[in-house]
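All remarks here apply to the structure that follows.
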Amino acid sequence: MSLSGSAVPAPPTAGPAGLAAARAHLFTTGSVERYRHVLADGIDRVATRVATADRPFTGVTPDDLAPRVAGVDLDRPLGDTGAALDELHDVYLRDAVYFHHPRYLAHLNCPVVIPALLGEAVLSAVNSSLDTWDQSAGGTLIERRLVGWTAARIGLGPTADGIFTSGGTQSNLQAMLLAREEAYTHVVGSSTTRLSRPEVLSRLRVVTSAAGHFSVQKAAKLLGLAAEAVITVATDTNRRMRTDDLAATIERCQRDGLVVMAVVATAGTTDFGTIDPLSRIADICTAAGVWLHVDAAYGCGLLVSPTRRHLLGGIERADSVTVDYHKSFFQPVSSSALIVRDRRVLRHATWHADYLNPARMVEQRIPNQVDKSIQTTRRFDALKLWLTLRIMGPDAIGALFDEVVDRAAGAWRMLTADPRFEVVTRSQLSTVVFRYLPTGAGRDLVDAANLHAREALAASGAALVAGTKVDGAHYLKFTLLNPETTLDDIACVLDLIADHAGRYVRTAIGSTLPCPVA
Ligand SMILES: Cc1ncc(COP(=O)(O)O)c(C=O)c1O
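Below you can see the structure in the form of structure tokens.
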């Protein structure tokens, strides 16, 4: 390990020599050769590390790693790129979690496509900021084209618009902001009495399913809604929103003088990969005059699927849709968008500042994106998707996503046929929720054995799987997003889990159980 300051003398940091040294690091006309070399060096380190990664993780613990990171003297630069990259290897690259590896089966993280990495390199070097035209020029137009392209894939019609965001959490937050403001305007406009804003906000409700994403609850809290504002309705045996419960909930709210400001349907639940019945939900929302938001952070990959687009049937009736390209379009973090049916609702995110986006710009028809965003300075993340579409095309992305959905179906079949495991519902996307379930072990022991197996597997670094709770019990989860993951990989990981969990159970009950059958 080479910690800072150990071998390389510190570069000059003061006086004219220090200033000249600092200026040499600026990316300017005079430093393009340096830029080429430095980036090539960094790319080479990453390529070497990925090429030699024989497992997704080294199993490093926070206790191992923390002293190494803490030992870096941030006030004493190494000056030299090679030395800094050596150090980076020690504090990050060697022990990072590699989503590129076929046995990374844990969270909704995808391996990324090379055209998007090219986009990432270009966008950070040019460093456009997508708030205003005078900081982005063509970037603004490219983002607008991609928003339009996505809206057309969803089928939202000619008035649609949207904005790129940092992720599904932000897209859901902005959707709830727009829905809240629309509901507020409607309630105040239709009331015969004067209502204060807090009074109205306290009556607003959001309805989602028990399998919806927690960012909906977080958004409600950030938006100043009541603590009980998010009502979760039950799911069916396939973990899809129960529409009878949804209809009854909306009716109950109306009877109680509450206002349902939005229904959030999920197209790809995080744990179960299931898609709520979007058409039926849209019928209910239309009848009740309620905003329908579809959280397709995960399921948006189906928009380009050559074979499964129909699974999103009904999404075209949404008022707003969250798409996370950094989940199922194989894009690097961050890359997400909120798409809305009626572009006028984006005005709720608008604020004119004299120095940046005065109202006269609208009259002058100078395009800007800051009027639609809750951010100001904003990355040109859209460029990654642009290059991906221009180099690979949408069908190629859809084919990659189809492949992981097929693989998950294969994993589900494998698990249902394996007496060592119990598997929960079959995903429409690419997750598999299951647990090791030896005969004769009590509930607490089964929970502990599955928790142990996940931890032991991560500590070995041989594979990474996720965990979740189903009806209060601990389960394990595969999220498959790497088309390179084979059924052999999955079979091998299942054997490792059964080994770890089985050993745990046998130790716990003093080897009185028969060995689990492999
Ligand atoms: C269904 C769903 N919605 C929203 C999110 C949040 O997305 P992000 O992590 O990009 O903020 C996730 C994350 O896993 C998700 O699965």
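Sequential numbering from 948 applies to the sequence shown in my numbering. All residues carry an ideal CB built from backbone N, CA and C; glycine is no exception. Values in this document were obtained by computation on a predicted structure and should not be read as measured data.
Worksheet item: When you compare each of Ser1267, Val1287, Leu1250, Tyr1245 to His1273 by their alpha carbons, which one comes out closest?
Response: Tyr1245
Worksheet entry | Same chain, Cβ closer than 7 Å to Leu1032, five either side skipped, listed in chain order | Asp988, Gly989, Arg992
Fill in: Leu1285 versus Pro1224, Thr1323, Pro1430, Leu1120, residue with shortest Cα-Cα distance
Leu1120
Worksheet entry | Alpha carbon of Ala1388 to alpha carbon of Thr1008, nearest angstrom | Looking at the two C-alpha atoms, the distance is approximately 30 Å.
Item to complete: Enumerate in chain order the residues of its own chain whose CB-to-CB distance from Leu1125 is below 6 Å, with the five nearest sequence positions on each side excluded.
Response: The residues are Val1292, His1295.
Practice prompt. Check Tyr1451 in the structure and name its three-state DSSP category.
Written response: helix
Item to complete: Say whether the stretch 1172-1182 touches the stretch 1142-1152, bearing in mind that this needs 3 or more beta-carbon pairs closer than 8 Å, one atom from each stretch.
Response: yes
Discussion item. Check this for me: beta carbons of Pro1346 and Pro1253, under 8 Å apart or not?
Written reply: Per the sequence presented here, residue 1346 reads as Ala, with Pro not at that position. Yes, Cβ-Cβ distance for Ala1346 and Pro1253 is below 8 Å.
Worksheet item: Touch check for the stretch 1396-1416 and the stretch 1442-1455: three-plus C-beta pairs under 8 Å?
Response: yes
Fill in: DSSP state of His1373 mapped onto helix, strand, coil
Strictly speaking, residue 1373 in this sequence is Arg, with His absent from that position. Arg1373 falls in the coil class under three-state DSSP.
Worksheet item: According to DSSP, is Ala1329 helix, strand or coil?
Response: helix
Worksheet entry | Proximity to Ala1043 [Cα-Cα], best of Thr999, Gln1082, Ala1063, Ala1072 | Thr999
Practice prompt. Determine the closest residue to Trp1080 out of Phe1046, Tyr1131, Phe1327, His1054, with distance taken between C-alpha atoms.
Written response: Ranking the options by Cα distance to Trp1080, first place goes to Phe1327.
Worksheet item: Is any heavy atom in ligand 1 found nearer than 7 Å to the beta carbon of Asn1119?
Response: yes
Item to complete: Compare the beta carbon distance of Ser1407 and Gly1006 with 8 Å and say whether it is the shorter of the two.
Response: yes
Worksheet entry | Member of Pro1385, Val1073, Pro1014, Tyr1131 whose CA lies at the smallest distance from the CA of Gly1171 | Tyr1131
Discussion item. Applying the 10 Å Cβ sphere with the 16-neighbour rule, what's the burial state of Trp1333?
Written reply: buried
Discussion item. Cutting at 8 Å between CB atoms, please list the residues of its own chain near Gly952, excluding the five before and the five after it.
Written reply: Note that Gly952 scores a pLDDT of 37, beneath 50, so its modelled location is shaky; the value from the coordinates is reported in the next line. Asp1020, Arg1023, Leu1025.
Fill in: Residues near Val1163 by beta carbon distance below 8 Å, same chain, minus five either side
Result list for Val1163: Asn1119, Met1123, Val1153, Thr1155, Val1177, Val1211, Asp1242, in chain order.
Fill in: DSSP three-state assignment for Tyr1422, whether helix, strand or coil
Strand, per DSSP.
Fill in: Pro1305 versus Leu1441: straight-line alpha-carbon distance, rounded
59 Å
Worksheet item: Which residue or residues does DSSP assign as beta-bridge partners of Val1237?
Response: Answer is none; Val1237 lacks a bridge partner.
Worksheet item: Apart from the five residues on each side of it in sequence, which residues of its chain come closer than 8 Å, Cβ to Cβ, to Met1361?
Response: Leu1434, Ile1437, Ala1438, Leu1441
Discussion item. Is any non-hydrogen atom of ligand 1 found closer than 7 Å to the C-beta of Ser1076, if you look at the structure I gave you?
Written reply: no
Worksheet item: Looking at C-beta atoms only, is the number of pairs between the stretch 1044-1061 and the stretch 1423-1432 that lie closer than 8 Å three or more?
Response: Enough Cβ pairs lie closer than 8 Å, so yes.
Item to complete: For Ile1110, name the three-state secondary structure that DSSP assigns.
Response: Secondary structure at Ile1110: strand, using DSSP grouped into helix, strand and coil.
Worksheet item: Can the beta-carbon of Glu1431 be found less than 8 Å from the beta-carbon of Pro1003?
Response: Against a cut-off of 8 Å, the Cβ pair of Pro1003 and Glu1431 comes out as no contact.
Worksheet entry | Tyr1302 burial status per 10 Å Cβ neighbour count (16 or more: buried) | exposed
Discussion item. Using 8 Å as the cut-off, can you tell me whether the stretch 1229-1240 makes contact with the stretch 1204-1221, which would need three or more C-beta pairs spanning the two stretches below that distance?
Written reply: yes
Worksheet entry | DSSP state of Leu1460 mapped onto helix, strand, coil | Low confidence applies here, because Leu1460 scores a pLDDT of 48, under 50, leaving its location unreliable and the question unanswered by this model.
Practice prompt. Tell me whether the beta-carbon of Asp1078 lies closer than 8 Å to the beta-carbon of Val1317.
Written response: In this structure, Val1317 lies closer than 8 Å to Asp1078 by Cβ.
Discussion item. Is Ala1244 close to ligand 2? I mean its beta-carbon at under 7 Å from any heavy atom of the ligand.
Written reply: Absent from the structure shown: ligand 2. Ligands present: ligand 1.
Practice prompt. Can you grab the Cα-Cα spacing for the pair Leu1330 / Glu1090, in whole Å?
Written response: Between the alpha carbons of Leu1330 and Glu1090 lies a gap of roughly 7 Å.
Item to complete: State the Cα-Cα distance for the pair Val1351 and Asp1027, rounded to the nearest angstrom.
Response: Taking the CA atoms as reference points, Val1351 sits about 42 Å from Asp1027.
Practice prompt. Examine ligand 1 and report whether any of its heavy atoms sits within less than 7 Å of the Cβ of Leu1040.
Written response: no
Fill in: When Arg1141, Val1147, Ser1138, Val1270 are compared against Arg1100, the one with the closest alpha-carbon
Val1270
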